Structure formats: C-alpha cells, structure tokens
Amino acid sequence: MSDSDDISEFGFIVDRISRGEVPIKNIERELICPCCKELFTHPLILPCQHSVCHKCAKELLLFRDDAVTELDSEFSNPATPVSSPRNRRLSSASVERLDRLTRTGWKRTIHSQGITTFPCPSCKHDIDLGERGLSGLFRNFTLETIVERYRQAARAAVAIMCNLCKPPPQEATKSCMDCKASYCNECFKLHHPWGTPKAQHEYVGPTTNFRPKILMCPEHDMEKVTMYCEVCRRPVCHLCKLGGSHANHKVTSMSSAYKALKEKLSKSIGYLISKEDQVKTQIFQLEHMIQQTESNGEKAKREATDMIDGLCTILEQRKMKLIKSIEDSHSSKLEKLRNQMDEYQGMLENSGLVGYAQEVLKETDQSCFVQTAKQLHVRIRMATESLKTFQPAAEPTFIDFTLDVSREEEILKELSFTNVPDAPVIDLTQSRLYDEGTISWQQPSGTPPVDHYKLEYRRLDQDGDCAWESTEDVCGTSKVISNLDTNTSYIFRVKGCKNSIYSDYSKQVVLHTPPAPVLRFLFDEKCGYNSDHLILNKQRDSVESVAGLPMLLGAERIVVGSYMSLDFITGDTGVTKGKYYWTFRVELGSYLVKVGVVSDTKLQEWFHSPRDINSPRYDQDSGHDSGSEDIALEHSQPFTFVTIGMRRLFIPKGSASSSTESYKRSLSTPNRIGICLDYDKGRANFYNADTMQCLYERRVECSGTMYPAFGLMGGGAVHLDELITVKESTKLNFFLDS
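Oh and the sequence shown: position 279 is 595 in my numbering, straight run, nothing missing.
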C-alpha cells in the first residue's frame, strides 16, 4: 500500500471517530473506578496516569485514624447500627474494598514531613503524593466529560430542558459553558445576540456538566497551566518551571504537546480501528476456544472419574484377595490349636488318657497288661515330655498379615494431574538492564525445583504478534542478555521445565535500558584518595567514609579557622567522546555524599589549589555546603554534582530559581542512581536507575577527560553496580604525572 493510500485510510478512520460512529456505550469498562466499581465521580489523575474517584481516594486510600477506628468498631460489632453518612458509605461496599486492598498488599505510610504513600488501585505501584496530598493532583476533566456524555446517552429518553423557557419549557439544543445553562434555539438567540460579548461564549451540546474552562495548577492555585513537562509528563505553569520542582526539566508549549499527543493518540486509535477484522477473527477464535474449554473440561472430568473408579476397582479386588488369605490362615490356626487342646484335655484325671491308664492298671493278667501298657506308656511319656516343653501348635498373632500402605498413601496423596511445575517469579531487585543485562528469577517458596528454565524477551514497541527471542535452556536462576538497544523498553518472561513439562509463563515485567552504553570502571585509589578518611575494599567497587582518628587529631585546626572538605575519589576510566552511563548505590544512612562528573584539569586544580572558591568543598568554618555547584546553568562548569544525605537527594538550584525553599529541590533517595554523560553535547543527566526517571539535567563543560567523581564526608558509603565493575582495570595517569 502506498503512502497516499495510508493517509487516505487514516483520514477515513479519523472521520469515523469524529462522527461518533463508535458507540459510546461500548466504552463503559473504561469509565469504571477501580475502587468503587462505579462510574467515576470527580476523578483525579494519579502520578502513574491512572484515575480514581476523589471520594474513593479520600475514603479508601488516604483515610485517617478515625476511619480505621470506625471500621474496627464496625467489624468487631456487626450489629452496631450505622448512623452517619460516612459510616453508611464505609459500612458495605467501601469496607469490602478496604478489605480487598488490605489482602492485596495495601499499605499507608506517613512520614514526618507528611508525605503519604499508597499503592495505585490499578497498577499497584506506590504513589507518593508529596506535601500537598490530594490537593496536588489534577482533576481529570476530560474523563469527567466523557462520563457525563455516557450518562446522557444512558438516559437518552430523558431530555435536557431549556433553563430559560417559560412553562412549559422546550427541549434544550445547546449548553453554554460560560453561563452554565442550557437553552433551546430561541432562548439561545435571545440571550446570546450577535455583536455582544455573549456571542463569543463557548457552547456545546445539551449537558448538565459545566466544568471549568481553564485547568489550574494544583501547586500554584491561581496559575493556569500553560506548558507541558516532558520529564514528568504532566501540565505545569510558569512558576513550576521558574522556581518549582520542574525548574531543570525539559518543557514544551501546551499547543505543541496538544498537537503531538493528539496526533499520536489518533494514530493509535486509527491503528486499532484498521485492525477491526483481525480483532473479530481473534474474537471468533476465543469463542471457539470457550466451546472447546467447556467440552474438554467435561471430558477431563469424565476421564478423571473413570480412572479413579478404576483404581477403586483394583483396590476392591486386592482387598478380597487379602481378606481370603487372612481367613484361610485363621481357620488353619484354630484347627491346630483345638486339636492340641483336645490332647491336653486327655491328660487330666477325669479325662480319657488318665482314666484309661487307671483302668489298665487294674489288669491282673501279666501278659495282657504288658501287651497294652507298653503302647500306653509311650503315649503317657510323650504327654509328660510335652508338659516339660510346651509349644502351641499355632501362634495366635497375624503379624505376617500386617498391611503396609504408607507408600501407597503418599502416592495417593500426591495423586494429581500431569505434574506441571509452578511458574517462576522474576526478581526485579536482582535484575539489571543496560546494553546488556542480567535477569534473575526464583521459584515460589515451598515449590520443588525444576530441571531448567527458558527466558524469553522482546521489545515493547513491537506488535504483540512479533516473535519472542528465546534463550537456550538455563540451569540456574539468572541469565545475561547481550546486544540490547539503548533507551528501549523490553518485556521479559520465563518458564520452568520439569520432566519435559513446562510451567506457565511468569508474570511479564518491563525493564528500560539506559540512554547510553555502560561505562565500566572501578574506584581509583591513586587519584586524590584519602586513606585516612576513606576505606576502599579489595575489589575497588565500594568505598566507605569514616570519621576516624585523623579527624579528631585535626579538631584543633578546625577551631582556629581551618576548613573541612569533602574527600574525593574518582573512577579509573574516563570519557573523551561519545555518550556513557553508569549506576551505583548510596547507603541510605550516609551523612553527605556528592556524585557527578569532573574533568581531569579541574581535578588537578582542586588538588593543587585546595582553597579555590570554585571548589565544591565547604566554606571556612561554615559547616554547611557552599552550593558552589549551584551555578547558573548558562555558565557551564567542568564539573557537576548532586548532593545526597540523610535519605534525601537535593537538586542544585538553577539560575531561574527564585525560591529558597529546599523541600522543592528535595527528593527521596532512589535505591540506585544512574548518571548519563553526553560528552559531545556537554550534558549530564541524573536518573532513578530502577525506573529510568530523569531527576536532573545539567550542562557541563566537557574538556579533556571526564571522570565519574564521588565526594564523601562523615559516615557513608557508595557501591558500584556489579555490571559496571566487570572490566580490565585501566588507571588514571594524569595525577601520577602531576
């Protein structure tokens, strides 16, 4: 298909959307709040771009201790009547939602500064509302308008009447957003005559939703949003750009953002509409799969029932055979014991043998006595011997017939369908992604190990029907992936295999590669390394700052006017061209750490002229950061740093910043920090390495060789990422030669 055909097809699709040929009733699922499962009411946009009702955000996500107390009392005494409106709201559906959020990992954290954190009901990602709480969120007027249009479509039979007509009122044909009233044609012409200011009012179709025309900044109540922050992806006002949290972010005009986003959204919608036949085909396939699922499910139940019934039949047959063996042994033992008992009965005085022997003794004829007594004597002697060595003819026990079914019991307890292993879980805390990356996973606790795993991945921007790239069988629980594109999102999934049977895929995770290849380096102990204050481990991938004996010995000099400075350490590999990225972790308990980049010439200047006022050190006797790196952005320097301390990351002040409030430049310290240096363009970017969110961007004068630099003071430590340190060490020479 040619480009002109594509354009004409796209125009046709856009016309369909604008004419409303896509029924609004089909979008109801997009208008349901994830908390209350009802149509949105005054929705708010969370930082993750999901929306939630304002009342749900108050009642479910940011409810205070009084709400917890009410819920506790309500749960502990179900018979307690619900009186207040708030109790009524929280007593039924809201309580169920709270219980559901609690079971799925809901938590509420309130820090000393009043920052509230909670998981988004849709994506479960933690949302930090900051100091302003709910008042810092934008109201989603667009979604609110769509919900109102949906409500009107749902109650189409009930017309919106003119607000100005004399009784009986006529049906409204227009609604004025400035007057906040609905009009029929005659009343609209009467109240909005040509040539008057009212003729310029904004009017729409009949509606009862008169939202404000202008979106105001939630951080600066009286300011209109006129720009769009491309870093945070949200509208901002000019004060946000000048002195607020967006001072160093890249912003664009609202018209440019509107045009770009509208074009992008229209293309995406057009693509979906152009794939309508494909979607219908897939729906047909799903319907066929549903039918197959129903029939196959019934078949599987029948087969399982037949197999278990077959096992029961085998058990019944085996049972009859074993019982017959026991009965035969039982009869035989009884017969032997009874015969022996009869013999012993004859030994008694009044029994047959003794009585018979007594009668034989009465015989007087010697020849006859001898003839009879000889055989009788043998019998009596045998009886006498048996008394001396009594041995029952049979044992009464049936120990030989003890049935051991322990093995069979275990087999029956494990009786199941085909032994499919549980799906593994990708461990995001151990997974790292650069131009090559390491993906780690683990089996759910309590599940048996598998023989091997298979990892699959593909780019996020590819179509869903694109083939996944698959690795070879992995015997361990991690895999290194190479040749990844920079600044690209990838989807990963993994499955396990046991006895040639594969598990389900793990939950898919999305990881974003950095904007540049990795710069691999170790700490250089020969470039300004102060062994009195810094401890470098043997691998040279971790450095720790300690306040030891040398600082105590220097206490007298501090009193008389000397100054304290940061102890610097650099990487052993520098950059002379191109674009590179590296990551590290700063321990949360660190007192003061500065991280950034510096040129070799500036390093020499610092070390040879320690009192240089441009040095990012501490002023004499001040005990506070001089903020020398907070120089106007247009005055580029051959170094740039951000400050980390006491679990906070402080963004340097820009030239346009008129605010002195430090909290606007203060962020929570990320778990890992990434730095991207673009030598050719002279820019340094600081990232949250886990989310790849750009925290700060700064121009830097790239001259000579630029090195990763770290400055520490007091207790603290910096640890390089493992992949950053996989290299052959190269050393800095400029310091040794100086």
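Don't be surprised by glycine CBs; every beta carbon is placed ideally from N, CA and C. Quick caveat: nothing in here was measured; it's all calculated off a predicted structure.
Helix, strand or coil at CYS628 [DSSP, three-state]: helix
Contact belief for MET493 with VAL520 at Cβ below 8 Å, rounded distance in angstroms: 6 Å
ARG1014, enclosing alpha helix (DSSP H) - first and last residue: Where ARG1014 is concerned, there is no enclosing alpha helix (DSSP H), although the beta strand (DSSP E) it sits in stretches over 1009-1015.
PHE714 beta carbon less than 8 Å from that of VAL639: For the sequence presented, residue 639 should be read as Ile rather than Val. Against a cut-off of 8 Å, the Cβ pair of PHE714 and ILE639 comes out as no contact.
Spatial distance of GLU1017 from GLU921 (CA atoms): The alpha-carbon of GLU1017 is positioned some 15 Å away from that of GLU921.
Residue from SER982, LYS617, PHE955 and GLN953 with nearest C-alpha to GLY961: Nearest C-alpha to GLY961: SER982.
Sequence-distant residues of its chain with Cβ nearer than 8 Å to ASP777 (five each side left out): THR804 and SER805
Residue burial classification, PRO712 (beta-carbon count within 10 angstroms, cutoff 16): exposed
TRP784, buried or exposed, once every other Cβ within 10 Å from all chains shown has been counted against 16: exposed
Burial state of VAL826, where buried means 16 or more other Cβ atoms lie within 10 Å: exposed
Beta carbon of LEU1039 nearer than 8 Å to that of ARG748: yes
8 Å Cβ shell around ALA488 - same chain, five flanking residues per side excluded: ALA475, ILE476, MET477, CYS478, ASN479, SER498, TYR499, CYS500 and PRO522
Residues near MET1008 in its chain [Cβ-Cβ closer than 6 Å; skip 5 each side]: HIS828
Among LYS969, SER906 and GLY912, the one whose alpha carbon lies nearest that of GLY1032: The candidate whose alpha carbon is nearest that of GLY1032 is SER906.
Where ASN612 falls, given that 16 or more other Cβ within 10 Å makes a residue buried: exposed
CB of MET543 within 8 Å of CB of MET570, strictly: yes
Nearest-angstrom Cα separation, counted from PRO435 out to GLN516: 45 Å
Three-state secondary structure assigned by DSSP to CYS351: coil
Contact check, PRO968 vs VAL914, beta carbons under 8 Å: In this structure, VAL914 does not lie closer than 8 Å to PRO968 by Cβ.
Which of helix, strand or coil DSSP assigns to GLY961: strand
C-beta contact flag for THR917 and GLY1020 at 8 Å: yes
Beta bridge counterpart(s) of GLU785 as assigned by DSSP: TYR773
Helix, strand or coil at CYS548 according to DSSP, with G and I counted as helix: coil
Assumed close pair THR985, LEU965 - CB separation to whole angstroms, cut-off 8 Å: Taking the Cβ atoms as the reference, THR985 lies roughly 5 Å from LEU965, within the contact range of under 8 Å.
Simplified DSSP state of GLY905, which is helix, strand or coil: coil
Three-state secondary structure assigned by DSSP to PHE538: Note on residue identity: the sequence assigns Met, not Phe, to residue 538. Looking at MET538 - three-state DSSP - the assignment turns out to be coil, as it is neither helix nor strand.
Paired residues, beta bridge with TRP757 - DSSP: ILE742
For CYS492: DSSP bridge partner residues: ALA497 and TYR519
Distance CB(VAL891)-CB(MET1022) smaller than 8 Å: yes
Inter-stretch contact at 8 Å, needing at least 3 Cβ pairs: the stretch 695-711 / the stretch 726-741: no
Closest by C-alpha distance to ASP537, when choosing among LEU771, CYS352, ASP820 and LEU453: LEU453
Per-residue DSSP class, three states only, for SER732: Secondary structure of SER732 (DSSP, three-state): coil.
Whole-Å CB distance - SER794 paired with ILE755, under 8 Å assumed: 7 Å
Alpha carbon of ASP1006 to alpha carbon of SER491, nearest angstrom: 48 Å
Short Cβ contact (8 Å threshold) for LYS374 with THR357: no
ASN1004 (DSSP reduced to helix, strand or coil): strand
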